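Structure first, commentary second.
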Amino acid sequence: MMLGECNKLIKQEQLFDYNIYDEHEFRPNEICVRKLKHAYIVFVISERCEPMESTLEECMTEPEALESLIYRLREHNRLFHK
(Lines of atoms letter the chains of each structure in order from A; the text may use other names.)
(Lines give C-alpha, C1' and ligand atoms only; values in the text may rest on other atoms or scores of the structure.)
Protein backbone atom coordinates (compact mmCIF):
# COMPACT_ATOMS: atom_id res chain seq x y z
CA MET A 14 0.00 0.00 0.00
CA MET A 15 1.29 3.43 -0.90
CA LEU A 16 0.56 6.71 0.92
CA GLY A 17 -2.01 7.89 -1.65
CA GLU A 18 -3.98 4.65 -1.34
CA CYS A 19 -3.76 4.87 2.46
CA ASN A 20 -5.14 8.42 2.47
CA LYS A 21 -7.92 7.35 0.09
CA LEU A 22 -8.97 4.49 2.41
CA ILE A 23 -8.88 6.79 5.44
CA LYS A 24 -11.21 9.20 3.68
CA GLN A 25 -13.56 6.54 2.22
CA GLU A 26 -13.91 4.66 5.50
CA GLN A 27 -14.04 7.85 7.59
CA LEU A 28 -11.18 6.71 9.80
CA PHE A 29 -9.71 9.14 12.31
CA ASP A 30 -7.33 9.55 15.24
CA TYR A 31 -4.15 9.13 13.20
CA ASN A 32 -0.86 10.92 12.65
CA ILE A 33 1.21 10.05 9.59
CA TYR A 34 4.87 11.10 9.66
CA ASP A 35 4.45 13.58 12.53
CA GLU A 36 2.12 15.88 10.59
CA HIS A 37 1.03 17.43 13.90
CA GLU A 38 1.68 17.24 17.65
CA PHE A 39 0.58 14.03 19.36
CA ARG A 40 -3.06 13.91 20.40
CA PRO A 41 -4.59 11.45 22.88
CA ASN A 42 -5.43 7.97 21.55
CA GLU A 43 -3.94 8.46 18.10
CA ILE A 44 -2.36 5.78 15.96
CA CYS A 45 0.89 7.00 14.46
CA VAL A 46 3.43 6.10 11.80
CA ARG A 47 6.94 7.51 12.06
CA LYS A 48 9.75 7.09 9.55
CA LEU A 49 13.20 6.29 10.93
CA LYS A 50 16.46 5.93 8.99
CA HIS A 51 15.98 2.29 8.01
CA ALA A 52 12.49 1.39 9.21
CA TYR A 53 9.01 2.62 10.02
CA ILE A 54 7.40 2.50 13.45
CA VAL A 55 3.64 2.18 14.03
CA PHE A 56 2.42 2.92 17.56
CA VAL A 57 -0.43 4.21 19.69
CA ILE A 58 -0.43 7.40 21.76
CA SER A 59 -1.84 7.22 25.29
CA GLU A 60 -4.40 9.60 26.73
CA ARG A 61 -1.40 11.43 28.24
CA CYS A 62 0.00 11.98 24.73
CA GLU A 63 2.93 9.59 25.13
CA PRO A 64 3.84 6.66 22.88
CA MET A 65 2.80 3.35 24.42
CA GLU A 66 5.82 1.02 24.25
CA SER A 67 3.66 -2.10 24.25
CA THR A 68 2.12 -1.02 20.92
CA LEU A 69 5.37 -0.41 18.99
CA GLU A 70 5.63 -2.31 15.72
CA GLU A 71 8.72 -1.99 13.56
CA CYS A 72 8.12 -2.35 9.82
CA MET A 73 10.88 -2.54 7.23
CA THR A 74 8.85 -1.00 4.37
CA GLU A 75 6.40 1.85 4.00
CA PRO A 76 3.64 -0.36 2.51
CA GLU A 77 3.90 -2.71 5.51
CA ALA A 78 3.68 0.23 7.95
CA LEU A 79 0.70 1.79 6.17
CA GLU A 80 -1.15 -1.55 6.10
CA SER A 81 -0.60 -1.84 9.84
CA LEU A 82 -1.87 1.71 10.33
CA ILE A 83 -5.06 1.01 8.35
CA TYR A 84 -5.66 -2.25 10.22
CA ARG A 85 -5.25 -0.50 13.58
CA LEU A 86 -7.47 2.43 12.54
CA ARG A 87 -10.23 0.05 11.45
CA GLU A 88 -10.06 -1.79 14.76
CA HIS A 89 -9.95 1.48 16.69
CA ASN A 90 -13.02 2.68 14.83
CA ARG A 91 -14.85 -0.61 15.33
CA LEU A 92 -14.11 -0.80 19.05
CA PHE A 93 -14.44 2.82 20.17
CA HIS A 94 -16.60 4.75 17.74
CA LYS A 95 -19.71 2.72 16.97
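Take 14 as the starting number for the sequence shown in this note's numbering and just add one per residue. Backbone N, C-alpha and C define an ideal beta-carbon position, used for all residues, glycine too. Predicted model only: the values in this text are computed from it and were never measured.
- Around Glu71, the same chain offers Ala52, Ile54 as residues with beta carbons nearer than 7 Å, after the five sequence neighbours per side are excluded.
- Burial state of Phe56 is buried, judged by a 10 Å Cβ sphere holding 16 or more other Cβ atoms.
- When C-alpha distances from Met65 are compared across Tyr84, Met15, Pro41, Lys48, the shortest belongs to Pro41.
- By the CB criterion at 9 Å, His94 and Ile44 fall outside the cutoff.
- For the options Glu60, Ser59, Ile58, Asp35, the alpha carbon positioned closest to that of Lys48 is the one of Asp35.
- Checking the DSSP bridge columns, you'll see Asn90 has no partner listed.
- Here Cys19 is buried, its C-beta having at least 16 other C-beta atoms within 10 Å.
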